[in-house]
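Reviewing the structure listed below.
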Amino acid sequence: MYWIINDNIEFWPEHRKLISVHNADLNVVLTTPASRCLSLLLEAFPDVVAQQDFFTRVWEEEGMRVPTNTLYQNISIIRRGFRAVGDTTHSLIATVPREDS
């Protein structure tokens, strides 16, 4: 199974790969955590994914605890991957400030 993102990018989770729909030579292999983060975002779309949900689903279920910066780095890896395969005109991942209760 694969996802089509914004009509421009194929995402193949089992291969951790982003591929340009228009030019298959433009492709990027994501890190495993970045691929899991992107899968979580796509599965939840259009809902917002809470920071804690990333930590639980991407790392803690694998027996790891990571600092917040690790999440930010993996989102950055995804954004760089999107740019590398040709989608530079849209912000495909939005960071939503958390609401303090």
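In terms of full-length UniProt numbering, the sequence shown opens at residue 1 and continues consecutively.
Using N, Cα and C, we set each Cβ at its ideal position, and we do this for glycine too.
Helix, strand or coil: which one does DSSP assign to residue i?
i	result
residue 28	strand
residue 18	strand
residue 55	helix
residue 93	coil
residue 11	strand
How big is the Cα-Cα spacing for residue i and residue j?
i	j	result
residue 49	residue 8	23 Å
residue 4	residue 68	28 Å
residue 12	residue 27	11 Å
residue 71	residue 99	19 Å
residue 32	residue 75	12 Å
residue 73	residue 22	27 Å
residue 25	residue 2	17 Å
residue 15	residue 44	20 Å
How should residue i be labelled, buried or exposed, when 16 other C-beta atoms within 10 angstroms of its C-beta is the threshold for buried?
i	result
residue 34	buried
residue 63	exposed
residue 54	buried
residue 82	buried
residue 38	buried
residue 41	buried
Quick test of your reading: residue i and residue j, contact by CB under 8 Å. State the CB separation rounded to the nearest angstrom.
i	j	result
residue 93	residue 77	That belief does not hold up - the Cβ atoms of residue 93 and residue 77 are roughly 11 Å apart, past 8 Å.
residue 85	residue 19	6 Å
residue 58	residue 80	Not really, about 18 Å apart at Cβ, beyond 8 Å.
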